[in-house]
Structure formats: structure tokens, C-alpha cells
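*Asks:* I have a structure here, written as C-alpha cells, and I will follow up with some questions on it.
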Amino acid sequence: MSVKIKNRGPSAYKPDLYGDSIIVERHFNKGGSSGFKLKDRNDKLVSTKKAELEDIIDAFALQLDNPMNVLTQDNARQFLNDSNAKDKYKFFLKGTQLENLRGEYDLLKQNTDSQQSKMETLNEDKNHLRKIAEEATKKAKQASGVDAMRKRQTRLTDQMAWARVEDEEQTLRNYEHEIEMVDRIIEERTKDADISSERFDLAHQALSDANQRREDCEAALGPVQDACDELKAKFEDTRNAIKKVGVSRIAYKLPGHFH
Numbered sequence: 005m006s007v008k009i010k011n012r013g014p015s016a017y018k019p020d021l022y023g024d025s026i027i028v029e030r031h032f033n034k035g036g037s038s039g040f041k042l043k044d045r046n047d048k049l050v051s052t053k054k055a056e057l058e059d060i061i062d063a064f065a066l067q068l069d070n071p072m073n074v075l076t077q078d079n080a081r082q083f084l085n086d087s088n089a090k091d092k093y094k095f096f097l098k099g100t101q102l103e104n105l106r107g108e109y110d111l112l113k114q115n116t117d118s119q120q121s122k123m124e125t126l127n128e129d130k131n132h133l134r135k136i137a138e139e140a141t142k143k144a145k146q147a148s149g150v151d152a153m154r155k156r157q158t159r160l161t162d163q164m165a166w167a168r169v170e171d172e173e174q175t176l177r178n179y180e181h182e183i184e185m186v187d188r189i190i191e192e193r194t195k196d197a198d199i200s201s202e203r204f205d206l207a208h209q210a211l212s213d214a215n216q217r218r219e220d221c222e223a224a225l226g227p228v229q230d231a232c233d234e235l236k237a238k239f240e241d242t243r244n245a246i247k248k249v250g251v252s253r254i255a256y257k258l259p260g261h262f263h
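Residue numbers for the sequence shown follow my numbering, beginning at 5 and rising by one.
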């Protein structure tokens, strides 16, 4: 079994090695094992490593396990005839990649929770630094002749503490913005999935209706065919009878039969 992949344009995979097309061949032996052969445009062997094939699949973003991209006739027939609602729902999640999106959303939520925990730790550090600043302020007040230095120290300490707070608040706003974007993407993907599901249901219903009409036509064809055969038989009988009548008239008009 072999597959030819177009390898052109700026996203081509190792064009100097494979050329403008990549030929992927898979071989099976009697022992049950199998292997791959990767060839260039001239059918010259380049590699037999599975890792190279995986790199090619990643480079072209091929989703071989997505049933909406690759669905054989046997799998389609089996799915339409034998699958239940649960199987169809799994097929729907896998085909629309909502499972992957859900995993990405969970990962993002974990990262957000982690950042939230870090922010709480930083707030604790901020409070600790504020206490240190307050203690330093008290000590500065006790010193004589350092009034200007005390003001400067207080200002710098406050700036440092609030600068860290502002940085963490900005980081939190960025994550909240990313979460809103992901929520919008999920909403759009869910709408697209609903539309795809409705189209699938309509197509399935249309197929069922077409099969029913075909069966009805086949059932109605039998009596019509029988009637047609009967009319043909009557036509032949009538034509033979007409021929016989014509022969009798000719024989009647031959010499020796005139009156």
C-alpha cells in the first residue's frame, strides 16, 4: 500500500531530500509484522524510520485518526448500521476535536490555578515586605538628621512593593483575558459542532428516506413487469394471427382460386 503526498510550497518538508512529492509505502509480511518505506519523487528510498514518518505527519498536520478526514466505506457502513447514540456522540467529539479542546481548556485552567496560587504567595510576600518597610520607617524616624533619607527610603519601599503588586495584577488580567478568549473559542466550536450534528442528522434521514423509496419502487416494479410480459405475449399472439390471416388472403387470390 502506498500514498503520495504533495510536497511543494513554503511548507514543504525537506524538499532538497524528497523533491516535490513524498511516497509512503507500507509493507506487510506473512509473519504479521509491517514496515514503512519513505521515497522521494523518483521512487528512491530515503528512510525506513517510523520517527521520520511521524515528523512528516506533524509537518503536514495530518489527522489520520480523525474519522471525519479518513473514513473507509466499511467503517462508514458499520457506523451507520451498527452504531448507537453513544458511539455517534464519541464520533462527534473526536471528529470536531472537542476532546482536544477540552484537554487544552483543562490545562489552561490548571495553569491559571497555579498562577493564582503564585499570586497569593506574592501577596503574602508583599505583606511581609510591607511590614519590613514599616519597621524600617520606625527605625528611620528614630535616627536624627536623616529625615530626607527616611522619606526617600519610604518612597522606594512603597514603589517596590506596589510595582510587584501591579505586575502580578497585570499578569492576572492577561490570564483572565486568555480565559475569555478560550471561552469564546469553545462557544464558537460548540455552535459549529451543533451545526455539523444537524447536517449529519439531515443527511442520515435523507439516506433512510432514499432507501425506503428505492424499496417501494422495487416492490411496485414486480406487478408492472408481469403486466408488461403479459402484454408482450398478447402482442406476439396478435401479430402471428395477423400473419396467418394475410397468408390465407394471398392464397385465396392465387390463380385457380378466382371466381
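We put the CB at the ideal spot given by N, CA and C, even for glycine.
Treat the numbers as computed from the prediction; the structure is a model and nothing was measured.
Quick one: what's Glu138 bridged to in DSSP?
*Replies:* Taking the sequence shown and counting its residues from 1, one reaches residue 138 at position 134. None; Glu138 has no bridge partner.
*Asks:* Excluding the 5 residues preceding and the 5 following Lys3 in the sequence, name in chain order all residues of the same chain whose CB lies nearer than 7 Å to its CB.
*Replies:* In this structure the chain extends from 5 to 263, so residue 3 is not present and cannot be described.
*Asks:* Need the endpoints of the alpha helix (DSSP H) that Leu21 sits in, please.
*Replies:* Here residue 21 refers to the residue found at position 17 of the sequence shown. Element bounds for Leu21: 19-22.
*Asks:* Sorry if obvious, but does the Cβ on His132 come closer than 8 Å to a heavy atom of the ligand GDP?
*Replies:* This structure lacks the ligand GDP, and indeed carries no ligand of any kind.
*Asks:* Taking buried to mean at least 16 other C-beta atoms within 10 Å of its own C-beta, is Ile60 buried or exposed?
*Replies:* Here residue 60 corresponds to residue number 56 of the sequence shown, with the count starting at 1. It counts as buried.
*Asks:* Give the range of the alpha helix (DSSP H) segment to which Leu57 is assigned.
*Replies:* Counted from its first residue, the sequence shown places residue 57 at position 53. That run of the alpha helix (DSSP H) goes 54-63.
*Asks:* Hey, Ala165 and Ala140 are a contact pair by Cβ (cut 8 Å); roughly how many whole angstroms apart?
*Replies:* Translated into positions along the sequence shown, residue 165 becomes position 161. Translated into positions along the sequence shown, residue 140 becomes position 136. Ala165 to Ala140, Cβ: 12 Å. No contact.
*Asks:* Helix, strand or coil for Ser15? Go by DSSP, reduced to three states.
*Replies:* The count along the sequence shown starts at 1 and reaches residue 15 at position 11. Coil.
*Asks:* Should Ile183 and Leu126 be called a contact, given that it needs their Cβ atoms to be closer than 9 Å?
*Replies:* Here residue 183 refers to the residue found at position 179 of the sequence shown. Here residue 126 refers to the residue found at position 122 of the sequence shown. The answer is no: Cβ separation not under 9 Å.
*Asks:* What separation, rounded to the nearest whole angstrom, lies between the Cα atoms of Ser200 and Glu219?
*Replies:* Your numbering for residue 200 matches position 196 in the sequence shown. Your numbering for residue 219 matches position 215 in the sequence shown. C-alpha separation (whole angstroms): 29 Å.
*Asks:* Which residues does DSSP pair with His31 in a beta bridge?
*Replies:* As a position in the sequence shown, residue 31 is number 27, starting the count at 1. Answer is Gly39, bridged to His31.
*Asks:* In angstroms with no decimal places, state the Cα-to-Cα distance between Glu58 and Phe204.
*Replies:* Counting from 1 along the sequence shown, the entry for residue 58 is found at position 54. Counting from 1 along the sequence shown, the entry for residue 204 is found at position 200. Between Glu58 and Phe204, the C-alpha separation is close to 32 Å.
*Asks:* With respect to the beta strand (DSSP E) encompassing Leu66, which residues constitute its N-terminal and C-terminal limits?
*Replies:* Along the sequence shown, read from residue 1 onward, the residue named residue 66 stands at position 62. Looking at the DSSP string, Leu66 is not in any beta strand (DSSP E), and its letter there is neither H nor E.
*Asks:* Could you tell me the boundaries of the beta strand (DSSP E) in which Lys8 lies?
*Replies:* Translated into positions along the sequence shown, residue 8 becomes position 4. Residues 6-10.
*Asks:* So if DSSP puts Leu278 in a beta bridge, which residue, or which two residues, is it bridged to?
*Replies:* Outside the displayed range of the chain (5 to 263) lies residue 278, so it cannot be described from this structure.
*Asks:* Who pairs with Ser4 in a beta bridge, going by DSSP?
*Replies:* The structure shown does not extend to residue 4, since the chain spans only 5 to 263, so no value can be given for it.
*Asks:* Less than 9 Å between the C-beta atoms of Arg154 and Ala167, yes or no?
*Replies:* Translated into positions along the sequence shown, residue 154 becomes position 150. Translated into positions along the sequence shown, residue 167 becomes position 163. In this structure, Ala167 does not lie closer than 9 Å to Arg154 by Cβ.
*Asks:* How many Å lie between Ala231 and Cys221 at the Cα?
*Replies:* Taking the first residue of the sequence shown as position 1, residue 231 is located at position 227. Taking the first residue of the sequence shown as position 1, residue 221 is located at position 217. If I take the Cα positions, the gap works out to 16 Å.
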